[in-house]
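J.: Got a structure for you, written out below as structure tokens; questions coming shortly.
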């Protein structure tokens, strides 16, 4: 099932969504990389930070969403491409691909069910001595996700959303072990952010821009308002606002920074 993405909705909480990217980038000590790639760049607001930090590098932003890339093209100093990371990770001996000195993927891999198996191919694209850094959500057992899953599994919604994409990730230990087995130096950690949100149904606004969007898109127009109404009510119950209208949304994220060996020993598949 093909999904379309709304850059404006996604950017509704740009500061909160951007903080993990900044925290991830802070642990990548590359000094003068030649090629930097943001795999799953979204609307490009965070990719711009890569261009600012490594102004002498060729910075490329890649995303599978034409809508996101169209918004990203407003950011200068970056080459933008529509592309699928699954294709990008596949070995292609016939292709003359420049090695990547810094490969970053921020809150993207969770959308690819087989992304764990793709990691060796992504490491292969990194130059010897280069860096591969990514972060994925680790909160899929929280009400913001389980409520959607439970509600979508009920009639009359289930038959319409059966093929909708659902994000998922692995444990930090699993990611670290795989990359260590590939010969990388690995720095992995987890952080739970407590996002203070305001406005009407702020948790719904958050999830409808990311994790719940494919489910909402899969529903027919006559059912979507009913689903949203029920979803909003259940989220309000799970995340009650205080007397000032503020809602606290806990959000656990998994971070991994791996450095590929500087030797020419083959890594990956």
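Numbering (the working numbering), first residue to last: -6 to 262. The C-beta atom is built at its ideal place from N, Cα and C for all residues, glycine as well. Given the structure is predicted, the values throughout are model-derived calculations rather than measurements.
(1) When the Cα atoms are used, what is the spatial distance from residue 228 to residue 33?
(2) What does the alpha-carbon distance come out to for the pair residue 241 and residue 198?
(3) Which first and last residues belong to the beta strand (DSSP E) in which residue 188 is found?
(4) Looking at the secondary structure, which residues open and close the alpha helix (DSSP H) in which residue 251 lies?
(5) On the DSSP bridge assignment, give the partners of residue 96 in chain order.
(6) Assign residue 187 to buried or exposed, taking buried as 16 or more other Cβ atoms, counted over all protein chains shown, within 10 Å of its Cβ.
(7) Just list the beta strand (DSSP E) runs in the stretch 47 to 71, keeping only unbroken ones of 3 residues or longer that don't cross its boundaries, in chain order.
(8) From residue 185 to residue 244, what distance separates their C-alpha atoms?
(9) Do residue 40 and residue 65 count as a contact pair if the criterion is CB distance below 8 Å?
(10) Pick helix, strand or coil for residue 221, following the three-state DSSP scheme.
(11) Quick check: residue 200 and residue 141, are their CB atoms within less than 8 Å of each other?
(12) Would you decide whether residue 28 is buried or exposed? Buried here means 16 or more other CB atoms lie within 10 Å of its CB.
(13) Can the beta-carbon of residue 204 be found closer than 8 Å to that of residue 138?
(14) Assuming residue 138 is part of the alpha helix (DSSP H), what are its boundary residues?
T.: Reading from the atomic positions:
(1) As a first step, residue 228 must be located in the chain shown, where it is residue number 235. As a first step, residue 33 must be located in the chain shown, where it is residue number 40. When rounded, the distance between both Cα atoms is 28 Å.
(2) Taking the chain shown and counting its residues from 1, the one referred to as residue 241 is at position 248. Taking the chain shown and counting its residues from 1, the one referred to as residue 198 is at position 205. Each residue's alpha carbon lies about 14 Å from the other.
(3) If you number the chain shown from 1, residue 188 lands on position 195. 178 to 190 is the extent of the beta strand (DSSP E) around residue 188.
(4) Within the chain shown, numbered from 1, the residue matching residue 251 stands at position 258. Premise fails: residue 251 lies in the beta strand (DSSP E), 240 to 252, not in any alpha helix (DSSP H).
(5) The residue labelled residue 96 in the question sits at position 103 within the chain shown. The secondary-structure analysis by DSSP pairs residue 96 across a beta bridge with 30, 125.
(6) By 1-based counting over the chain shown, the position of residue 187 is 194. So residue 187 counts as exposed.
(7) Secondary structure within the stretch 47 to 71: the beta strand (DSSP E) runs of 3 or more consecutive residues, fully enclosed, are 51 to 56 (chain order).
(8) Counting from 1 along the chain shown, the entry for residue 185 is found at position 192. Counting from 1 along the chain shown, the entry for residue 244 is found at position 251. Spanning the two alpha carbons is a distance of roughly 5 Å.
(9) Within the chain shown, residue 65 is the residue found at index 72, counting from 1. Within the chain shown, residue 40 is the residue found at index 47, counting from 1. Against a cut-off of 8 Å, the Cβ pair of residue 40 and residue 65 comes out as a contact.
(10) Indexing the chain shown from 1 puts residue 221 at position 228. Reduced to three states, the DSSP call for residue 221 is helix.
(11) In the chain shown, the residue the question calls residue 200 occupies position 207. In the chain shown, the residue the question calls residue 141 occupies position 148. Cβ atoms of residue 200 and residue 141: closer than 8 Å.
(12) Residue 28 sits at position 35 when you count from the first residue of the chain shown. Residue environment analysis places residue 28 among the buried positions, since at least 16 neighbouring C-beta atoms fall within 10 angstroms of its C-beta.
(13) Working through the chain shown from its first residue, we reach residue 204 at position 211. Working through the chain shown from its first residue, we reach residue 138 at position 145. Yes, they are a contact pair.
(14) For this step, residue 138 is matched to residue 145 along the chain shown. Counting along the chain, the alpha helix (DSSP H) containing residue 138 begins and ends at 136 to 145.
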